[in-house]
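Put into structure tokens, the structure is as follows:
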């Protein structure tokens, strides 16, 4: 039987992770990132890395994957921001 | 006894939520948001709202609070973006 609540959790994780893709694309394409807050992305990455370890402890593949991928995407935003400074 | 893993989870939630505060502040202060991806924030808000309901089902105050507050902060970024378009 399908657990609908866990499906909602998976869609939620997919949304909050995938949402960073258009931001990475926009920063890469327009080579302009001045409106993006560097502080936001630094604190956000710290958070996702902590979530990542939280997921490892709880053996939750969803938390590990979602936060691992989000951390990489957020790192790309920081990389593009520092590159186009 | 303190459950250190749950403390890490709480710090993680605080970071991923609080990280949006400097972005809201920056968008509000500089009145410029063109580099911020609207698509990112729309998909992100959908994700946090789904997480919110996921938290209600699991009776997890941490998930409810973290995603409720993050959704409001992300909504403020969208509001400022549309306002300064």
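Protein chains in written order, with the numbering used here: chain A, 286 to 370; chain B, 286 to 370.
The beta-carbon is built from N, C-alpha and C at its ideal position, and this holds for glycine as well.
For clarity, every value in this text was computed on a predicted model and none was experimentally measured.
For residue 324(B), the enclosing alpha helix (DSSP H) covers residues 323-342. In this structure the stretch 304-316 of chain B does not lie against the stretch 337-346 of chain A, because fewer than three pairs of beta carbons, one per stretch, are closer than 8 Å.
Spatial neighbours of residue 298(B) in its own chain (CB-CB distance under 6 Å, excluding positions within 5 residues in sequence) are listed in chain order as 347, 351. Pairing residue 305(A) with residue 325(B) gives a Cβ-Cβ distance under 8 Å. The beta carbon of residue 349(A) is closer than 7 Å to those of 337, 340, 341 in its chain, skipping five residues each way along the sequence. Interface criterion met: the Cβ of residue 303(B) is under 8 Å from a Cβ in chain A.
In this structure, residue 300(B) sits away from residue 321(A), with a CB-CB distance that is not shorter than 8 Å.
Here residue 303(A) is near residue 328(B), since their CB atoms are less than 8 Å apart. The Cβ atoms of residue 333(A) and residue 355(A) sit closer than 8 Å to each other. For residue 366(A), the uninterrupted alpha helix (DSSP H) run begins and ends at 346-368, by DSSP. Closer than 8 Å to the CB of residue 313(A) there is not a single CB belonging to chain B. C-alpha of residue 309(B) to C-alpha of residue 370(B): approximately 15 Å in a straight line. Residue 335(B) counts as buried, since no fewer than 16 other beta carbons sit within 10 angstroms of its beta carbon.
Identification of chain A residues near residue 297(B) by a Cβ-Cβ cut-off of 9 Å yields 331, 332, 333, 334, 335, 336, 337, 338, 339, 352, ordered along the chain.
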